[in-house]
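Let me begin by presenting the structure, written as structure tokens, before commenting on it.
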Amino acid sequence: MENARSTIHGVWSKRLTFILAATGSAVGLGNIWKFPYITGENGGGAFVLVYLVCIAAVGISVMMAEVLLGRRGRSSPVTAMQTLTKESNVHGVWTGIGWMGAIAGLLILSYYSVIAGWALHFIVQSASGAFEGADSAAVGQVFDSLLADPQTLLGWHTLFMVMTMTVVARGVTQGLGRAVEILMPCLFVLLIIMVGYAVKLGNFSEGLAFLFKVDFSKLSAGSVLTAVGHAFFTLSLGMGAIMAYGAYMPDHAPVGKTVVTVAFLDTLVALVAGMAIFPLVFANGIEPSAGPGLMFVSLPLAFGQMPGGLFFGTLFFVLVSVAAWSSSISLIEPFVAWVVEKKLLSRVGASVVLGIVTWTIGLLTVLSFNEMSDHKLFGLTAFDLLDFITANLMLPLGGLFIAIFVGWIMKREIVRAELDAEPEGLFNLWYTVLRYIAPVAVLVVFAYPLIEKFSG
Ligand code: PHE
Numbered sequence: 015m016e017n018a019r020s021t022i023h024g025v026w027s028k029r030l031t032f033i034l035a036a037t038g039s040a041v042g043l044g045n046i047w048k049f050p051y052i053t054g055e056n057g058g059g060a061f062v063l064v065y066l067v068c069i070a071a072v073g074i075s076v077m078m079a080e081v082l083l084g085r086r087g088r089s090s091p092v093t094a095m096q097t098l099t100k101e102s103n104v105h106g107v108w109t110g111i112g113w114m115g116a117i118a119g120l121l122i123l124s125y126y127s128v129i130a131g132w133a134l135h136f137i138v139q140s141a142s143g144a145f146e147g148a149d150s151a152a153v154g155q156v157f158d159s160l161l162a163d164p165q166t167l168l169g170w171h172t173l174f175m176v177m178t179m180t181v182v183a184r185g186v187t188q189g190l191g192r193a194v195e196i197l198m199p200c201l202f203v204l205l206i207i208m209v210g211y212a213v214k215l216g217n218f219s220e221g222l223a224f225l226f227k228v229d230f231s232k233l234s235a236g237s238v239l240t241a242v243g244h245a246f247f248t249l250s251l252g253m254g255a256i257m258a259y260g261a262y263m264p265d266h267a268p269v270g271k272t273v274v275t276v277a278f279l280d281t282l283v284a285l286v287a288g289m290a291i292f293p294l295v296f297a298n299g300i301e302p303s304a305g306p307g308l309m310f311v312s313l314p315l316a317f318g319q320m321p322g323g324l325f326f327g328t329l330f331f332v333l334v335s336v337a338a339w340s341s342s343i344s345l346i347e348p349f350v351a352w353v354v355e356k357k358l359l360s361r362v363g364a365s366v367v368l369g370i371v372t373w374t375i376g377l378l379t380v381l382s383f384n385e386m387s388d389h390k391l392f393g394l395t396a397f398d399l400l401d402f403i404t405a406n407l408m409l410p411l412g413g414l415f416i417a418i419f420v421g422w423i424m425k426r427e428i429v430r431a432e433l434d435a436e437p438e439g440l441f442n443l444w445y446t447v448l449r450y451i452a453p454v455a456v457l458v459v460f461a462y463p464l465i466e467k468f469s470g
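If you want our numbering, it's the 1-based position in the sequence shown plus 14.
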């Protein structure tokens with residue numbers, strides 16, 4: 015059952031290129047900024063354990079399913095889902111997987127870009143020596159005054175959106191490849207250096223205990239949902255990013271090995287970031303539950319005190335910005351690719367229009383840290399609400415539908431033919447996990463808060 019479709023967006027020459035691009039998408043603010051702060055907010059070890067289990071039991075299987083869908087459809091997620099629903103003879107409503115994903119990506123990018131803007135701002139702050147010898151009050155001051163200043167936030171948000179859309183306009187198969195190839199390993203090495211620093215000067219044992227000592231009494235239903243949502247967010251799952259990249263993956267390349275590599279690297283970066291940040295948090299009397307500022311306050315403190323800190327600090331925020339950049343292009347690529355396929359606009363035109371739409375929605379996030387910080391819905395600011403709706407609802411829901419579609423709707427022979435490089439035993443294991451474990455896990459997590467509520 016050879017797949018005769020081809021893509022108009024270009025195919026990556028090697029499996030390695032897919033690994034780099036997918037890792038570039040997966041490793042981003044989710045690992046370095048979001049993972050530490052939500053771990054802090056959700057009590058540490060037990061939350062980390064649930065997150066790791068979700069990566070292993072749900073994330074990897076859904077990621078394989080996404081690659082398979084993308085490669086078989088050889089087009090943007092929306093068009094791929096159209097082709098595949100026809101192939102499977104089911105109602106077109108399944109195309110909604112593509113649509114919901116494209117919209118989720120756009121919404122995520124709207125706030126992702128604002129946070130990436132913080133990293134850009136911190137490049138300049140580090141380079142200008144603002145953190146030299148600073149104490150936690152002084153670093154906190156730099157962060158707080160940034161959040162209080164909508165104009166500065168807007169400026170950086172605008173710059174980051176322009177950076178993102180420039181790459182997307184040129185086409186992601188040419189895009190950031192080489193830069194990511196060199197800079198991501200640098201980021202990893204720098205994180206290891208920071209762990210070394212945390213061992214020397216932070217409260218390493220307390221930081222490690224917080225991350226890895228499991229205490230289930232600290233885990234609420236809400237925390238479990240956040241952990242599941244984050245497993246999807248950090249692996250770029252449930253919205254078509256990996257599907258879009260899968261469309262550019264060569265036929266017959268092994269999917270399982272590739273996906274496990276990406277998931278492993280992504281998890282490693284998150285854990286190392288946590289091991290660098292929490293020892294500093296405890297040594298400097300910062301609250302682990304301090305929220306979105308956690309990374310931006312703890313690491314500059316270390317840069318301000320360590321030898322060569324001006325250089326390392328500046329480099330660090332450059333690398334974080336690049337990691338965010340290679341993720342942000344994958345957030346909008348599904349939507350752009352669809353507009354281009356429909357011949358509604360050229361690639362450049364689509365990038366400009368969707369960039370402007372995303373930028374405009376991003377204003378909500380810019381303002382939710384200052385002018386609109388008191389405007390809340392269900393007790394959440396616009397930023398928190400966008401984050402909750404996308405990461406905790408839309409991505410897991412997208413993942414659930416993807417698991418059901420590949421596991422229950424597509425013909426087994428087709429699925430098997432796409433995964434022809436996998437040994438029979440591994441294929442069967444994956445297929446079972448995808449059909450039973452992944453959907454049930456997501457459903458239970460969704461239902462749990464309700465069960466908890468009604469059982470009193
Ligand atoms: N995985 C990215 C990160 O961790 C964010 C992302 C989510 C990118 C969804 C694409 C799709 O930062």
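Heads up, the beta-carbon is just placed ideally off N, CA and C, and yes, glycines get one too.
Quick check: residue i and residue j, are their CB atoms within less than 7 Å of each other?
i    : j    : result
V4   : Q139 : The requested residue 4 does not occur in the structure, where the chain is confined to residues 15 to 470.
P348 : G254 : yes
H135 : V380 : no
L409 : F246 : yes
V194 : L43  : no
E432 : R86  : yes
T99  : W108 : yes
M257 : P91  : yes
A287 : N45  : yes
P293 : G216 : yes
F174 : G131 : yes
L161 : F383 : yes
L222 : V336 : no
G106 : A261 : no
P302 : V295 : yes
S360 : V182 : no
S124 : I346 : no
L239 : A60  : no
V76  : A455 : no
Could you give the first and the last residue of the continuous alpha helix (DSSP H) run that contains residue i?
i    : result
E301 : Careful: E301 lies outside any alpha helix (DSSP H) and carries neither H nor E.
D401 : 396 to 401
K271 : 269 to 297
F321 : For the sequence presented, residue 321 should be read as Pro rather than Phe. No alpha helix (DSSP H) holds P321; DSSP gives it neither H nor E.
R85  : 74 to 87
M263 : Per DSSP, M263 belongs to no alpha helix (DSSP H) and is neither H nor E.
P50  : 49 to 55
E438 : 438 to 446
H105 : Neither: H105 is in no alpha helix (DSSP H) and is coded neither H nor E.
W170 : 164 to 184
R539 : There is no way to answer for residue 539, as the model of the chain reaches only from 15 to 470.
G38  : 29 to 40
L249 : Looking at the DSSP string, L249 is not in any alpha helix (DSSP H), and its letter there is neither H nor E.
G59  : 59 to 68
A71  : Taken as a continuous stretch (DSSP letters only), A71 belongs to no alpha helix (DSSP H), as it is neither H nor E.
G154 : 150 to 161
Can you name the residues that DSSP bridges to residue i?
i    : result
L433 : Answer is none; L433 lacks a bridge partner.
L329 : According to DSSP, L329 bridges with nothing at all.
Could you tell me whether any non-hydrogen atom of the ligand ATP is closer than 6 Å to the CB of residue i?
i    : result
F246 : In the structure shown, the ligand ATP is absent; the only ligands present are the ligand PHE.
Give the DSSP-derived three-state secondary structure of residue i in the structure shown.
i    : result
L233 : coil
L359 : coil
L391 : strand
K227 : coil
F145 : coil
H244 : helix
N406 : helix
G254 : coil
E16  : Confidence in E16 is poor, its pLDDT being 45 and thus under 50, which makes the residue's placement unreliable; the coordinate value appears in the next sentence. Residue state, collapsed to three classes: coil.
S344 : helix
S312 : helix
E385 : coil
S90  : coil
M424 : coil
N45  : helix
T21  : coil
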